[in-house]
Structure formats: C-alpha cells, structure tokens
Amino acid sequence: MHISEGVLSGPVLISGIALAAVGVAVGLKKLDYDRIPRAAILSASFFVASLIHVPIGPSSVHLILNGIIGLILGWGAFPVILVALTLQAMLFQFGGITTLGVNTVIMALPAVFCYYLFGRLVGRQPCIALSAAFVCGALSVFLSAVMVGLALTFTDENFLKVSYLVVTAHLPVMIIEGIITAFCVAFLKKVQSDMLPE
Amino acid sequence: MKKSSSNKNLKRCKRGFGLIFFIMVYIAGIGPALAHKVTIFAWVEGNRVFTESKFSGGKRVHQGDVIVYDSDGNQLLKGKTDDKGEFSFGVPKKTSLKIVLMAGMGHRGEWTIPVSDLEDVAGSQTKITSSRKTAPKKTEKQAEGPHLSSNEMRLTVEEALDKRLRPVMKLLVESLEQHDPTFSDILGGIGYILGLLGVAAYFNYRRKSAEIDGKKTD
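Protein chains in written order, with this note's numbering: chain D, 228 to 425; chain W, 54 to 271.
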C-alpha cells in the first residue's frame, strides 16, 4: 500500500498532498481533546500493524487496520494515519516523504468513507454490528487497493491491470482485517460502547 | 443473574482476546516477507554490472523492470530480473549509472554506481586489451623462464580477487542498503506518538487551567 518515492508524477503528488491537508485539517477540527489518547493508541497500532505480514501467493502484504481506525475516529483517521506514515517513512523507509500525501489519502479516505457507511450499523444489535464491522474492515482495504491503482494510472500503468493485481494481493488481508475489525467491535461493544459511533 | 451474565461476557472477552492474540502471533511467525519496500543493489565486476533485487525481508523480485540511466537522465538500457532477482549488463558508457527497479504496484528501488567505480573498469579493460596486444612479445621473452610479467601478474591477481571478493562485496553492499525495522525503531515510533499525545495533553491542560483561572477571577 505504500507507494515508493519517484513512481508518481508531480501533479498526482501535489493533489495527494492537497487532499491530505484538507483531510487532516477537518480531522483535527473534529478530533476534540478528549479523544486524543484514543487517536494516539490507534496511531501506534497502525504504525506497528504494517510490520505484520501476510505472505500468501506470489507477493506478501501487511495489515493496515484503516477500517477500525475509521470506525472509531471518523475524520480523525487522517491525522492519525499521517503521523504513523511519517514515522514509518522515517524509521522503516516504507513509502517516502514526497508520497506521504498520496499514501495518507490512499489509506485514510476509505477509512472515512467506511465510517459514514457503517458507523450507524455498528450501534445496532450484535448480529448486524458484527457483520457490518467485518465488511467495514474488508471494504476499507479493498478501497485502498483500488486507490493505489487509481494513483498509478496517472503514470503509465493500466488502471484495471494494476488494481486487479493490488486487490488480489490484498484478498487475504481483507479477510483478516474483517475478522480483526469484527473482534474489536464485539469487544468494544461490551467494554467501552461509547468509543463506537452511535 | 446480572453477575453471572457479566461473568459470561468476561469469559467471552478473554476467549476473543486469546484468539486475536493467537492470530497475531501466527501471522507474525509466518515469516518476514513483505512488499512495501524494494531494494536493488549493484556492483561492478570486470566490465559487467551485476544487480540483485529484493523486497525487504529477502523475497526476490521476479520479472521486475530494471532501467539504467546515465548521469544526465538518459535511458541507456532496460531489462528484466530473472527468477533469482538478478540482472546483469555490460557497462554501456563511462558515466555514473543510475539503476532503477520498478517492481510493480508502486514499488521502486534505486541504486547509483559512481563514475569512480567504473574508472577502474575502463582501466582494467584497456589493461586487458593492451596485455593481449603485447602478449605474443611477452611469451617470447618468457620462453626463458616460467615467471610472469608484472602486468600479467597484476591482472591475474585482480581477476582472482574479484572472484573471491564477490560474495563479500555483495554482503557489504547489502548491509549498507538493507535496513529492516529493528525493535528500537518500533519502540522509537511508538515513543514519538506518545510524545505527540503528551503535547496534546499539555495544551489541553493549559486550556483547562486557563478556564479555571478565568472562572476564579470572575
């Protein structure tokens, strides 16, 4: 999911930065002080989750956890993911500094989208909530994969071909993230139901 | 009644946590091979440049595009890595070479060979040709005894050294380039995030204490 430096063209990088800046501004505005510790914990999880690899098929991919971040934080996903990605770029050389904007949008936008799509459903009875959480975890990864394809289209690669590649490579991650998101939601519903959106 | 249901919940939670923990450990234990960083490294040997491409974690890059540029950014040649992630080419031009690997899905690696590395190559190339030209004369001279001329000796030693040093060079270059996340990196990152949390908490504290002060003066 981390696009390396020097792959994308200038306009794509700049529009990525612009979109990310807007997202982060909205996110910081919506993220009140009381929810900052929560955001920090999720940021740390995202930061570490990328080190958990799922080597299935020809390639291997890592966990992203943007579904659960979106579900709990909504727009707050933007600043949280930006912070974690910056640290990953600096400490692990994943992605790059110039591609930070694009990578943030790739992972945070699906998170926000899933928040609006599934946020309400999670508050319902357990059966609906759990399936919503599963789909949320899986769909956010799927959308991120499609966005990687979209970003690469503007350089010379074929959109359908790249998207197909990235999506199939992330199929196992989608399933695992779905399960993890469902577990997290089930747990939070019992222990700390005010963390989930109503 | 209530107590028993909460007990049940607790048990379920524990079980859920156990399962998550198990999944985490299982996934983490499967093996380090990931696809979000890709590296290519190259070294010069004789008049050929050898490259090796890997995803961090050691998985080789199959059929990745390797593109070689000169110092002005002109494309010199293009090729594909084999199943071992290797690709080699003859030195096309005496200039610093920028070798770019495109491994698909937005993964890109880069390696630069400075001119100084290639100066040696060009030198040894001319040495070889010159030694070939002068070879017949030398054999005439050497007919007297089995000793080699200093030039030939040097070439033979250089060749043997190249051969012997190849794995060492590879290792050196690899260790320079490869930087897999270490435990301290991970802890460092988490530390930064906690630091940011601290900054936010500080501002929150100032805001709240200002509010309280405001109320007091009222």
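The beta carbon of each residue, even a glycine, is placed where N, CA and C say it ideally should be.
The model shown is predicted, which means the values in this text are computed figures rather than measured ones.
Once the 5 residues before and after residue i are set aside, which same chain residues still bring their CB inside 8 Å of it?
i, result
"residue 232(D)", "322, 323, 324, 325, 326"
"residue 386(D)", "376, 377, 379, 380"
"residue 262(D)", "300, 303"
"residue 76(W)", "Because the pLDDT at residue 76(W) is just 49, under 50, the model does not fix this residue reliably, and the point stays unresolved."
Figure out for me which residue from the options has the closest Cα to the Cα of residue i.
i, options, result
"residue 139(W)", "168(W), 150(W), 101(W)", "101(W)"
"residue 116(W)", "106(W), 221(W), 124(W)", "106(W)"
"residue 374(D)", "320(D), 265(D), 346(D), 397(D)", "397(D)"
"residue 362(D)", "400(D), 262(D), 273(D), 265(D)", "400(D)"
"residue 226(W)", "246(W), 90(W), 95(W)", "95(W)"
"residue 129(W)", "113(W), 157(W), 152(W)", "152(W)"
"residue 291(D)", "388(D), 350(D), 278(D)", "278(D)"
"residue 248(D)", "332(D), 273(D), 352(D), 340(D)", "332(D)"
"residue 364(D)", "339(D), 351(D), 382(D)", "339(D)"
"residue 150(W)", "164(W), 157(W), 156(W)", "164(W)"
"residue 125(W)", "160(W), 168(W), 156(W)", "168(W)"
"residue 241(D)", "329(D), 393(D), 416(D)", "329(D)"
"residue 264(D)", "209(W), 250(W), 208(W)", "250(W)"
"residue 258(D)", "296(D), 412(D), 238(D), 300(D)", "300(D)"
"residue 239(D)", "123(W), 114(W), 159(W)", "159(W)"
"residue 390(D)", "266(D), 369(D), 413(D), 416(D)", "369(D)"
"residue 251(D)", "402(D), 344(D), 310(D)", "310(D)"
"residue 257(W)", "260(D), 313(D), 234(D)", "260(D)"
"residue 297(D)", "388(D), 288(D), 416(D), 266(D)", "266(D)"
"residue 350(D)", "237(D), 406(D), 230(D), 414(D)", "414(D)"
"residue 108(W)", "252(W), 145(W), 90(W)", "90(W)"
"residue 367(D)", "382(D), 394(D), 245(D), 388(D)", "394(D)"
"residue 388(D)", "134(W), 123(W), 262(W), 157(W)", "157(W)"
"residue 234(D)", "417(D), 382(D), 336(D), 406(D)", "382(D)"
So, at 6 Å on beta carbons, what are the nonlocal neighbours of residue i in its own chain, with the 5 sequence-adjacent residues on each side left out?
i, result
"residue 282(W)", "Any answer about residue 282(W) is impossible in this case: the structure gives chain W only from 54 up to 271."
"residue 141(W)", "101, 103"
"residue 346(D)", "424"
"residue 253(D)", "302"
"residue 269(W)", "none"
"residue 181(W)", "Unreliable placement is indicated for residue 181(W), whose pLDDT of 44 sits below 50; no coordinate value is reported for it."
"residue 222(W)", "96"
"residue 244(D)", "328"
For residue i, I'd like the list of residues in its chain whose CB is within less than 7 Å of its CB, leaving aside the five on either flank, ordered along the chain.
i, result
"residue 348(D)", "355, 356, 359"
"residue 168(D)", "No information on residue 168(D) is available, as it lies outside the stretch 228 to 425 that chain D covers here."
"residue 402(D)", "365"
With burial defined as no fewer than 16 other Cβ atoms inside 10 Å of the residue's Cβ, what is the status of residue i: buried or exposed?
i, result
"residue 216(W)", "exposed"
"residue 305(D)", "buried"
"residue 224(W)", "exposed"
"residue 410(D)", "buried"
"residue 404(D)", "buried"
"residue 315(D)", "buried"
"residue 127(W)", "exposed"
"residue 419(D)", "exposed"
"residue 320(D)", "buried"
"residue 342(D)", "buried"
"residue 210(W)", "exposed"
"residue 234(W)", "buried"
"residue 270(D)", "buried"
"residue 236(W)", "exposed"
"residue 252(W)", "exposed"
"residue 255(W)", "exposed"
"residue 214(W)", "exposed"
"residue 336(D)", "buried"
"residue 426(D)", "The structure shown has nothing for residue 426(D), since chain D only spans 228 to 425."
"residue 179(W)", "Below a pLDDT of 50, predicted positions are generally treated as unreliable, and residue 179(W), at 45, falls in that range; no measurement from the model is reported."
"residue 295(D)", "buried"
"residue 166(W)", "buried"
"residue 276(D)", "buried"
"residue 228(W)", "exposed"
"residue 305(W)", "An answer regarding residue 305(W) cannot be provided, because it is not within the stretch 54 to 271 covered by chain W."
Using a Cβ-Cβ distance cut-off of 8 Å, determine whether residue i contacts chain C.
i, result
"residue 239(W)", "Looking at the structure shown, chain C is missing, and the protein chains on hand are D and W."
For the ligand MN, any of its heavy atoms closer than 7 Å to the Cβ of residue i?
i, result
"residue 255(W)", "Judged by which ligands are present, the structure shown has none, so any question about the ligand MN falls away."
Between the segment 241 to 261 of chain W and chain D, which residues of the former have a C-beta closer than 8 Å to a C-beta of the latter?
-> 241, 242, 243, 245, 246, 247, 249, 250, 253, 254, 256, 257, 260
Interface residues of the segment 120 to 139 of chain W facing chain D [CB-CB below 9 Å] = none
Looking at chain D, which residues of the segment 153 to 164 of chain W have a Cβ within less than 8 Å of any of its Cβ atoms?
-> 153, 155, 157, 158, 159, 160, 161, 162, 163
Using Cβ-Cβ distances below 7 Å, what residues of the segment 246 to 273 of chain D are close to chain W?
-> 260, 263, 264, 267, 270, 271
Enumerated in chain order, which unbroken segments of the alpha helix (DSSP H) with a length of 4 residues or greater are wholly contained in the segment 325 to 381 of chain D?
-> 327 to 345, 353 to 380
Listed in chain order, which residues of the segment 314 to 340 of chain D have Cβ atoms closer than 8 Å to some Cβ of chain W?
-> 314, 315, 318, 319, 320, 321, 322
What residues in the segment 362 to 379 of chain D have a beta carbon less than 8 Å from any beta carbon of chain W?
-> 375, 378, 379
Every unbroken alpha helix (DSSP H) within the segment 233 to 319 of chain D, with a cutoff of 4 residues, ordered by chain = 237 to 257, 263 to 276, 293 to 300, 304 to 318
Every unbroken beta strand (DSSP E) inside the segment 221 to 255 of chain W [3 residues or more] = none
Segments assigned beta strand (DSSP E), at least 3 residues, entirely inside the segment 90 to 116 of chain W = 91 to 98, 101 to 108
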